[in-house]
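Chemist: My structure is below; once you've seen it, I'll send some questions.
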Amino acid sequence: MNMTTEQAINRILENQIPVKSDIEYLLSIEDKEDIAILFEAARVCRDQYCGKKVHLRGIVEFSNYCSQDCIYCGIRKSKDEVARYRLSFEEIIGAVQTIYDAGVKTVVLQSGEDPYYDTGMISKIIKEIKISFGLAITLSLGEREFIEYDVWRQNGADRYLLKHETANPKIYSALHRGQQLEQRLEHLGYLQQLGYQIGSGNIIGIPEQTLADIADDIILCTKYELDMASFSPFIPAAGTPLGDWEKANVLLTLKTMAAARLALKNTHIPATTALATLDARGREKGILCGANVVMPSFTPAAVKPKYEIYDNKRCITEDAAACMPCLKARIESCNVSIDEGFGHSLKLAPIC
Ligand code: 5AD
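Residue numbers (the working numbering): 2 to 353.
Listed below in C-alpha cells is the structure:
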C-alpha cells in the first residue's frame, strides 16, 4: 500500500465518514515511530474536540442474572458456576449514594438482561436517583421492549449504552446464538430517536475478526454519530465457549481507540476496565490514545466479584471509594484534568 501514516491520519480527520482502507492502514502499522505519530494525533484530536478532560461515570452492576447466552460472556445464562445476585431497590440507591458522595455526576445502571427488573422497577430507580441526587443516568440493560425504553426516557434516563459488539453480521450471529446484528441496530436507532444519548462499540480480538471488521466497527460508530463509543479488548472467561480463546492484543486495542478518536472527533471514548485488566497501565495508555472517559465500578464490594464478565477483572475486590484516589492520580498523570460536570454528550447543542 502506497500510503503514509500522516496521510491516513489527515484524511480521516478531514472526512465525516472515514475511508475504510485508511483505518485498516492505521490498525496495521507496526513501526514504533508511526505508532507514536498515531497516538499523538489522537491526543491532539481529543484535546481539540473534547478538551484536556476526562469524565467519570460510576457503574452499579445491580444484577448478574442474564437471559442471553453470548458465547464470550462470563455471566451468560448457561454458565452454571456463576453465583447469581440481584440488588434490592435500597441497595441500588445505597450504591448511588456512594457515587454521589465521591463527586461523580453520572450513574451507569448495568445488569445482565434480567426481566425480573420490570418497567416499573427501573422507572422507580430512575425517579429516585433524579429526585434525591440529580445525577445523569445511563442505562445499560441490554435489549428490552421498545415501550420500556420510551417509559424510562420519559422518567428521566439520559443515556443508553448498547454495544453492537461487531459490525460483521456473521460473527455477530455466531457470538450471539443466531441473533441478528440488524435487530441490535434497530434497538440502537430507536433509542436515538427517543432522544437518548447513545453509546455503542465493539469487542476486539474475537474469533474470525479481521482488521477490516474493526474498521467497519469504527465506520458504524461514525454513521450513528454516537455520543459514546467503547472499544474493549476481549478477555476469556473460564467456563464459556470462548474460555480458551486468546486474549486481545493491547497494542491493537490502543490503535483502534486512536483511529476511532480521529474518526469520531467529539464522541466520548472510555479507557475501559477490560484494558486496565490486561495491562497494569491500561487506563493511562487509553487516555494517552485519546480516551476521555473512565467508568469505575461502585457495585457493593460484597457482590462485585460475582459480576465477572471476564476473568481477573481489575479492582474487583476493592471498595470503589477506596479506589478513587488511585484512579484520580492515574488520570491526572496523563496531562488531563477530571471534569466536574455531568459530562453529557459533546454532540448536543450547547444550552444557552
Ligand atoms: N471480554 C471483553 N469484553 C466483554 N464483554 C462481555 N464479555 C466480555 C469479554 N469476555 C463486554 C461486552 C458487553 C460489555 C458489558 O462487556 O462488550 O457489552
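Every residue gets a Cβ at the ideal spot worked out from N, C-alpha and C, and that includes glycine. No experiment lies behind these values; they were computed from the predicted model shown.
According to the neighbour-count rule (16 or more other Cβ atoms, all chains shown, within 10 Å of its Cβ), is residue 28 buried or exposed?
Modeler: Along the sequence shown, read from residue 1 onward, the residue named residue 28 stands at position 27. Residue 28 should be labelled buried.
Chemist: Compute every distance between the C-beta of residue 235 and the non-hydrogen atoms of the ligand 5AD, then say whether any falls below 6 angstroms.
Modeler: Your numbering for residue 235 matches position 234 in the sequence shown. Yes; taking the cut-off as 6 angstroms, the Cβ of residue 235 has a heavy atom of the ligand 5AD nearer than that.
Chemist: Please name the residue, chosen from 242, 92, 233, that lies closest to residue 314 on a Cα-to-Cα basis.
Modeler: Here the question's residue 314 lines up with position 313 in the sequence shown. Considering only alpha carbons, the answer is 233.
Chemist: Near residue 335, what residues of its chain come up, given a Cβ to Cβ distance below 6 angstroms and the 5 sequence neighbours on each side ignored?
Modeler: Reading the sequence shown from its first residue, position 334 is the one you call residue 335. 285, 288, 289.
Chemist: Helix, strand or coil, according to DSSP, for residue 202 in the structure here?
Modeler: By 1-based counting over the sequence shown, the position of residue 202 is 201. Here residue 202 sits in strand by DSSP.
Chemist: Is any heavy atom of the ligand 5AD found at a distance shorter than 6 angstroms from the C-beta of residue 275?
Modeler: For the purposes of this step, residue 275 is taken as the residue at position 274 of the sequence shown. Yes; taking the cut-off as 6 angstroms, the Cβ of residue 275 has a heavy atom of the ligand 5AD nearer than that.
Chemist: Which residue wins for smallest C-alpha separation from residue 131, given the options 156, 140, 152?
Modeler: Counted from its first residue, the sequence shown places residue 131 at position 130. Cα-wise, what sits closest to residue 131 is 156.
Chemist: Note down, one range per segment and in chain order, each alpha helix (DSSP H) of at least 4 residues found wholly within the segment 157 to 205.
Modeler: You should have 170 to 176, 182 to 194.
Chemist: Would the beta-carbon of residue 238 be found less than 6 angstroms away from any heavy atom of the ligand 5AD?
Modeler: For the purposes of this step, residue 238 is taken as residue 237 along the sequence shown, with counting starting at 1. Yes; taking the cut-off as 6 angstroms, the Cβ of residue 238 has a heavy atom of the ligand 5AD nearer than that.
Chemist: Mapping DSSP to helix, strand and coil, what is residue 137?
Modeler: As a first step, residue 137 is located in the sequence shown; it is residue number 136 there, counting from the start. Correct three-state label for residue 137: strand.
Chemist: Is residue 343 helix, strand or coil when you go by DSSP?
Modeler: If you number the sequence shown from 1, residue 343 lands on position 342. Here residue 343 sits in coil by DSSP.
Chemist: Would you list the one or two residues that DSSP bridges to residue 232?
Modeler: Residue 232 sits at position 231 when you count from the first residue of the sequence shown. Answer is 203, bridged to residue 232.
Chemist: Ends of the alpha helix (DSSP H) at residue 45?
Modeler: Your numbering for residue 45 matches position 44 in the sequence shown. Here the alpha helix (DSSP H) through residue 45 covers 33 to 51.
Chemist: Between 140, 110, 133, 88, which lies nearest to residue 102 when the distance is taken from Cα to Cα?
Modeler: For the purposes of this step, residue 102 is taken as the residue at position 101 of the sequence shown. Checked all of 140, 110, 133, 88; the closest Cα to residue 102 is 133.
Chemist: Tell me whether the segment 237 to 244 and the segment 55 to 75 touch, counting them as touching only if at least three CB pairs, one residue from each stretch, are closer than 8 angstroms.
Modeler: The answer is yes - the segment 55 to 75 touches the segment 237 to 244, with three or more Cβ pairs under 8 angstroms.
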